[in-house]
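The structure appears below as structure tokens.
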Amino acid sequence: MHIRGDHAEVVVGGRLDVRSAADARAVLHSAVDDGVGDLILDLSELDSWDATGLGVIMGAHRRAGRCGRRLVLRGVPPQMQRLLVATRLHRILAVEGGIGLESLPRV
């Protein structure tokens, strides 16, 4: 997993899973705490995530809310969009441009 960015936009690439969760959590919490306004989380370079990785994103979402900020997901790959829909988290998390439910393949 690799993460780059600042307090306004963070790009996550590779795998966001149990092995990378602690590092990702630390970077995202720092980005939330050090900035103002929306925090863009660009996932366009993300290959995969597991339940732990999704938990890290939800934790950052909650932390941002407590700080008066909003976490906005950008570039969510289609397979991860399906997971957000299946878990109904697409109703809670802000996804830039929304999720085109009609364009997602049925599983």
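Note that full-length UniProt numbering numbers the sequence shown so that position 61 is 61, with each residue one more than the last.
Just so you know, even glycine gets a beta-carbon here, dropped at the ideal spot from N, CA and C.
Predicted model, so just to flag it, every value in this text is computed and none were measured.
- Taking Gly5 as reference, the option from Ser30, Met58, Arg19, Ala22 with the minimal CA-CA separation is Ser30.
- Restricting attention to beta strand (DSSP E) runs no shorter than 3 residues, the UniProt domain "STAS" (1-107) encloses them at 2-5, 9-16, 39-49, 71-74, ordered along the chain.
- Closest by C-alpha distance to Leu73, out of Met58, Cys67, Thr87, is Met58.
- Val11 has its alpha-carbon roughly 8 Å from the corresponding atom of Ser44.
- Apart from the 5 residues on each side of it in sequence, Ala24 sits with its Cβ closer than 8 Å to the Cβ of Met1, Ile3, Val12, Leu16, Gly53, Val56 in its chain, given in chain order.
- Under the criterion of beta carbons closer than 8 Å, Asp50 and Val18 qualify as touching, at roughly 6 Å.
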